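Visitor:
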Amino acid sequence: MEGNREDSLKCIRIAENCISTGDYEKARRFLNKAQRLYPSQRAKDLLQHLDSHEEKSSTSSSDSADQPDSTDQPDSADQPESRERQHTSAGSTNGPSPRQRHSSASREPKAAETNGGVNRNYTDEQLKGVNRIKKCKDFYEILGIPKDANEADIKKAYRKLALQFHPDKNHAPGAGEAFKAIGKAFSVLSDAEKRKRYDMFGDESPEVSNVRRRRHHHHHHGGFYYETRGFDDDDFSPEDLFNMFFGGGFPQGDIARQRRHYRTHHPRQHQSQEEARYTFLLQLLPIFMLVIISLLSTAFIQEPAYSLSRTGSFVHERTTHENKIKYFVKNSFNKEYSGRIHLIDKRVEEDYVDNLRSNCYRERLNKEAAMQRARYFGDKKMHERAMRMTLTSCDKYDEFRRLS
1 MEGNREDSLK
11 CIRIAENCIS
21 TGDYEKARRF
31 LNKAQRLYPS
41 QRAKDLLQHL
51 DSHEEKSSTS
61 SSDSADQPDS
71 TDQPDSADQP
81 ESRERQHTSA
91 GSTNGPSPRQ
101 RHSSASREPK
111 AAETNGGVNR
121 NYTDEQLKGV
131 NRIKKCKDFY
141 EILGIPKDAN
151 EADIKKAYRK
161 LALQFHPDKN
171 HAPGAGEAFK
181 AIGKAFSVLS
191 DAEKRKRYDM
201 FGDESPEVSN
211 VRRRRHHHHH
221 HGGFYYETRG
231 FDDDDFSPED
241 LFNMFFGGGF
251 PQGDIARQRR
261 HYRTHHPRQH
271 QSQEEARYTF
281 LLQLLPIFML
291 VIISLLSTAF
301 IQEPAYSLSR
311 TGSFVHERTT
321 HENKIKYFVK
331 NSFNKEYSGR
341 IHLIDKRVEE
351 DYVDNLRSNC
361 YRERLNKEAA
371 MQRARYFGDK
381 KMHERAMRMT
391 LTSCDKYDEF
401 RRLS
């Protein structure tokens with residue numbers, strides 16, 4: 001139960017942001033989730049606050065609906081004036097007065113002018129960029145990088161696109177969704193494990209799966225990644241990812257902002273963003289420690305006595321006494337390991353079996369992935385090629401176990 005406390009606090013912070021922006025339904029959903037993960041008094045108080053707010057809203061609505069209309073009959077002295085008002089009202093029912101027609105006519109050009117795009121606050125280049133993101137079919141295409149791009153190329157592409165499509169700067173229709181898609185692409189491709197899984201199976205988020213199931217019936221802007229929400233509720237939002245990448249804050253100085261969905265003046269959002277950055281750095285700290293320890297340990301590790309392949313100074317071929325497994329040693333092997341060769345043979349065979357086992361697992365995984373792709377695309381030839389894929393290491397592993 002204690003392990004869910006951090007997730008519960010995260011849900012409470014999201015709920016507080018939703019309350020500050022007026023999204024009470026979403027706030028209630030996250031508070032209920034926080035209570036399920038780790039019950040707390042803070043979440044309980046916020047739920048009571050939402051309940052009282054809803055009661056006040058429903059009470060004010062019912063009071064305004066129950067107010068009676070003033071239908072009292074006018075005094076006899078006011079009857080001429082009343083009849084005059086009724087006459088005027090009847091005239092307005094039959095058709096607009098000349099003044100009203102003139103007012104309506106004067107408003108129409110203004111509306112047409114606005115709808116015509118004269119006051120448009122985005123450029124054609126920005127709209128063209130949004131349309132490009134809409135048509136992208138994979139994360140590499142969204143960031144505009146090749147599939148063999150390294151980490152520096154991914155960060156460089158994200159930096160450029162995030163600044164270009166941030167909602168504070170780009171007000172073109174669909175810029176917010178494009179910004180989400182860019183953030184999702186970066187969050188996947190910048191993580192080695194996520195990128196490896198994405199290259200093998202594609203995007204497996206529920207939103208993309210739903211669009212894939214529907215794409216036989218509808219055409220989704222030429223690509224299905226633009227249709228996704230981009231981030232799960234428990235993941236970093238595109239704005240949090242942007243702030244962590246650039247160190248917080250959008251570099252625009254005193255430029256007037258129109259921050260649509262992302263804007264909030266509540267100080268708790270800035271606090272939660274700072275906490276998210278610190279949490280992210282704390283999560284990276286064990287990785288840095290492991291890297292440092294591994295670098296220090298390599299300085300004290302001796303060079304291996306053998307190699308399973310001919311490489312470097314390991315040029316002399318030998319075979320193990322029991323199972324005749326080939327391995328390669330240096331010129332000084334007999335001198336350095338005299339009297340311990342039987343131990344070396346045993347280690348060689350253990351390493352050989354471990355390599356076969358890991359290679360067998362990798363071959364099975366690749367074959368299964370190829371078969372899944374064939375079933376997904378419904379390609380019979382692709383399925384036949386997948387079925388013909390050989391499992392060489394698995395065969396060698398089975399044979400070795402049978403003989404030993």
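Yeah, the sequence shown ends on 404 if you go by our numbering, and it's all consecutive.
Note that the Cβ used here is the ideal one computed from N, Cα and C, for glycine as well.
Computed from a predicted model, the values in this text were never measured in an experiment.
Just tell me which of 143, 153, 376 has its CA closest to the CA of residue 180.
Guide: When only C-alpha atoms are compared, the closest one is 143.
Visitor: Using the beta-carbon count (16 or more within 10 Å), is residue 11 buried or exposed?
Guide: By the neighbour-count rule (16 or more Cβ atoms within 10 Å), residue 11 is buried.
Visitor: Apply the 10 Å Cβ neighbour rule to residue 176 and answer buried if 16 or more other Cβ atoms are within range, or exposed otherwise.
Guide: With 16 or more other Cβ atoms within 10 Å, it is buried.
Visitor: Do the CB positions of residue 354 and residue 308 come within less than 8 Å of each other?
Guide: Their beta carbons are not under 8 Å apart, which means residue 354 does not touch residue 308 by this criterion.
Visitor: For the segment 43-56 and the segment 11-21, state whether three or more C-beta atom pairs, one from each stretch, are separated by less than 8 Å.
Guide: The answer is yes - the segment 11-21 touches the segment 43-56, with three or more Cβ pairs under 8 Å.
Visitor: Fully enclosed by the segment 115-175, which alpha helix (DSSP H) runs are 4 residues long or longer?
Guide: Qualifying alpha helix (DSSP H) stretches, in chain order: 124-135, 139-143, 151-165.
Visitor: Whole angstroms are fine: how far does the CA of residue 34 sit from the CA of residue 9?
Guide: So the alpha carbons of these two residues sit roughly 7 Å apart.
Visitor: In whole angstroms, what separates the C-alpha of residue 296 from that of residue 286?
Guide: Going from the Cα of residue 296 to the Cα of residue 286 covers about 15 Å.
Visitor: Going by the beta-carbon positions, is the gap between residue 317 and residue 328 smaller than 8 Å?
Guide: Yes, they are a contact pair.
Visitor: Output yes or no for whether 8 Å exceeds the beta carbon distance between residue 133 and residue 178.
Guide: Yes. Within cutoff.
Visitor: Nearest by alpha-carbon distance to residue 5: which of 28, 30, 27, 39 is it?
Guide: The shortest C-alpha separation from residue 5 is found at 39.
Visitor: Can you tell me whether residue 320 is helix, strand or coil according to DSSP?
Guide: In this structure, residue 320 counts as coil in the three-state DSSP scheme.
Visitor: Rounded to whole angstroms, what's the CA-CA distance from residue 126 to residue 120? Just pull it up for me.
Guide: Near 12 Å, if we compare the C-alpha coordinates of residue 120 and residue 126.
Visitor: For the putative contact between residue 382 and residue 369, defined by C-beta atoms under 8 Å, what is the C-beta separation to the nearest angstrom?
Guide: So it is not a contact: roughly 12 Å between Cβ atoms.
Visitor: Using the C-alpha atoms, what's the distance from residue 319 back to residue 401?
Guide: If you take the alpha carbons of residue 401 and residue 319, they lie about 18 Å apart.
Visitor: Can you look up residue 410 in the DSSP assignment and give me helix, strand or coil?
Guide: Given a span of 1 to 404 for the chain in the structure shown, any question on residue 410 remains unanswerable.
Visitor: So residue 326 is in the beta strand (DSSP E); what residue range does that whole segment cover?
Guide: Residue 326 -> beta strand (DSSP E) spans 326-329.
Visitor: Whole angstroms is fine: what's the gap from residue 172's alpha carbon to residue 140's?
Guide: Going by the C-alpha atoms only, they are around 23 Å apart.
Visitor: If you draw a straight line from the alpha carbon of residue 182 to that of residue 366, how long is it in whole angstroms?
Guide: Their Cα atoms are separated by approximately 29 Å.
Visitor: In this structure, does DSSP put residue 190 in helix, strand or coil?
Guide: Here residue 190 sits in coil by DSSP.
Visitor: How would you call residue 404, buried or exposed, if buried means at least 16 neighbouring beta carbons within 10 angstroms?
Guide: That one is exposed.
Visitor: Per DSSP, residue 311 is paired with what?
Guide: According to DSSP, residue 311 bridges with 314.
Visitor: Do you know whose CA, among 36, 25, 42, lies nearest residue 13's CA?
Guide: That would be 42, whose Cα lies nearest to the Cα of residue 13.
Visitor: I need the straight-line Cα distance from residue 170 to residue 26, nearest angstrom please.
Guide: Their Cα atoms are separated by approximately 26 Å.
Visitor: List the endpoints of the continuous alpha helix (DSSP H) containing residue 366.
Guide: Here the alpha helix (DSSP H) through residue 366 covers 341-377.
Visitor: Leaving out five residues on either side along the sequence, give the residues of the same chain with a beta carbon under 6 Å from the beta carbon of residue 30.
Guide: Result list for residue 30: 11, 14, 15, in chain order.
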